[in-house]
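Quick notes on the structure that follows.
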Amino acid sequence: MVHWLFAVGVGFVGLCLLAEAIVGREVWQQRRWRKYLWPGLAFVLGILLWPVMAFYTNSAIHMYAHGSWAEVLMLAGGAELGLVHGRLRSPLWRLTWPLAFVVTGTAFIVHEQNPWFFARSAFLHHLIGWTFLIGALVPLALALRPRSAALQAAFAAVILVVSVQLLTDRDVAPVFGHLSPLAGPPHR
Amino acid sequence: MNTTYASRAAAERRNHRAQAISLLGPLVSAAGVVWAILQPYRVTLLHPRGQGFWWLAVEPPLLVVLAGVVFALVVARPLLADLERHRATTR
Chain A
1 MVHWLFAVGV
11 GFVGLCLLAE
21 AIVGREVWQQ
31 RRWRKYLWPG
41 LAFVLGILLW
51 PVMAFYTNSA
61 IHMYAHGSWA
71 EVLMLAGGAE
81 LGLVHGRLRS
91 PLWRLTWPLA
101 FVVTGTAFIV
111 HEQNPWFFAR
121 SAFLHHLIGW
131 TFLIGALVPL
141 ALALRPRSAA
151 LQAAFAAVIL
161 VVSVQLLTDR
171 DVAPVFGHLS
181 PLAGPPHR
Chain B
189 MNTTYASRAA
199 AERRNHRAQA
209 ISLLGPLVSA
219 AGVVWAILQP
229 YRVTLLHPRG
239 QGFWWLAVEP
249 PLLVVLAGVV
259 FALVVARPLL
269 ADLERHRATT
279 R
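Heads up: the sequence lines are chains A and B, in that order.
Counting along the first sequence from 1, when you hit position 68 you're at 68 in our numbering, and nothing is skipped either side.
In our numbering, each residue's number is its place in the second sequence (first place is 1) plus 188.
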C-alpha cells in the first residue's frame, strides 16, 4: 500500500520533469514556486521514506535499503533545490542523481533475496533495481549535458516507468503465472 | 522570407508543446479510469465491507486519477498561460 502512495508521488515528479522537458527550463522557471516543485517533492519523498523505514520494514536488510533510499533521495532533491535556488553553483551537484539511481538500484537488488519468478514482488524488486542501474546512465549524461531536452525527457521517462512498476506491486501475487508455494497464498 | 518561415516553425513547435502539456493530465486520469474498469477489485470503495482504513484510503486507480487532475489544474494550467505569454513576448 505504501508502495502505491510512493508510486503516485514518484509519478508526479516524473510528470513535472516531462512538462519541464517539453516547455524548456526558461518557461518552467517563470513562476518561482514551480522551479522548486519537483526538487522539493523529491526531497519530501526522501523525508517520508524515514517513517517507512521505521514503521513498515520487518528486517535489518529492509531497513538498510529504505534508509539508503531516504538518504540519497534527500541528497539529490536537496542538491537540486540548492541548484535552482542558486545557492549551489557547481553543475557537479547534478551527479547526485546518478549516485541516487545506482544506490537505489543496488539496494533494490541486494535486499531482494528471492529469485525473479518467486512472486510478483520479487520480480518487481529485480526489475526496478535493474531499471535504476541502467537508467542511471540518463542522469549521468544529463549532468554532462544539462540543456539537452531529449535527455530531460528520458530522465522523466525513467522516473515514470519506475512509478508504473511500483503501481503493479501487490502483497502476494503471481508473475507471468509463476508463484512459489513458499510465498504463501495470493492476496491483494 | 527565411525569417518568416523560421518564426512560423517556432510558433508551430510551441503550439505542439502546449498541446502536449494540456494532454498530460487528462491522459494520466484516463489511465486511472481504464485501470479501475479493468481491475475493479482494486477499488475497495466498491466493496468496502471488512476493509481497514488504509485499504479504503489508498485506492491506486483513484490515486492515479487524482494525480492527473491535480497536475492538470495546479501545474499544467499556469504553465500553459506562461507558455502563451512567452510566445507573445518572443513574437
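Glycine included, every Cβ here is placed at the ideal spot set by N, Cα and C.
- In this structure, DSSP gives B:Val231 a state outside helix and strand, which the three-state scheme calls coil.
- The beta carbon of A:Leu140 sits closer than 6 Å to those of Pro98, all from its chain and outside the five residues before and after it, given in chain order.
- Scanning chain A for C-beta atoms nearer than 8 Å to the C-beta of B:Ile209 yields Ala19, Ile22 and Val23, reported in chain order.
- What B:Phe259 touches in chain A, judged by beta-carbon distance under 7 Å, is Phe12 and Leu15, going in chain order.
- Taking a contact as a CB-CB distance under 8 Å, the pair A:Leu75 and A:Thr96 counts as one, their CB atoms being some 5 Å apart.
- Within the segment 27 to 59 of chain A, the complete alpha helix (DSSP H) segments of 4 residues or longer fall at 32 to 35 and 37 to 55, listed in chain order.
- When the five nearest sequence neighbours on each side are left out, the beta carbons in the same chain lying within less than 7 Å of the beta carbon of A:Leu151 are those of Val138, Ala141, Leu142 and Arg145, in order along the chain.
- For B:Pro248, the uninterrupted alpha helix (DSSP H) run begins and ends at Pro248 to Val258, by DSSP.
- A direct Cα-to-Cα measurement between B:Trp243 and B:Thr232 gives close to 7 Å.
- Setting aside the 5 residues that flank it on each side, A:Phe155 is surrounded in the same chain by Leu17, Val138, Pro139 and Leu142, each with a C-beta closer than 7 Å to its C-beta; the list follows chain order.
- By the Cβ neighbour-count rule, B:Val222 is exposed, with fewer than 16 other Cβ atoms within 10 Å of its own.
- For A:Met53, the CB contacts under 7 Å within the same chain, skipping 5 residues up- and downstream, are Met63, His66, Gly67 and Ala70 in chain order.
- A:Glu112: not part of any alpha helix (DSSP H); DSSP gives it neither H nor E.
- Under the DSSP definition of a beta bridge, A:His125 lacks any partner.
- Taking the Cβ atoms as the reference, B:Val263 lies roughly 16 Å from A:Ala153, outside the contact range of under 8 Å.
- Against chain B, a Cβ distance below 9 Å from A:Arg31 picks out Pro266, Leu267 and Asp270.
- The alpha carbon of A:Val162 has as its nearest neighbour, out of A:Gly46, A:His125 and A:Ser59, the alpha carbon of A:His125.
- Residue contact check for B:Arg230 against chain A: no CB pair falls below 7 Å.
- Residues Phe117, Ala119, Arg120 and Phe123 of the same chain have their beta carbon placed closer than 7 Å to that of A:Val175, with the five preceding and five following residues left out of the count.
- The beta carbon of B:Pro248 sits closer than 7 Å to some beta carbon of chain A.
- Cβ-Cβ distances below 7 Å link A:Ile61 to His111 in the same chain, with the five nearest sequence neighbours on each side left out; the list follows chain order.
- In terms of Cα proximity to A:Pro39, the closest of A:Gly86, A:Gln113 and A:Ala79 is A:Ala79.
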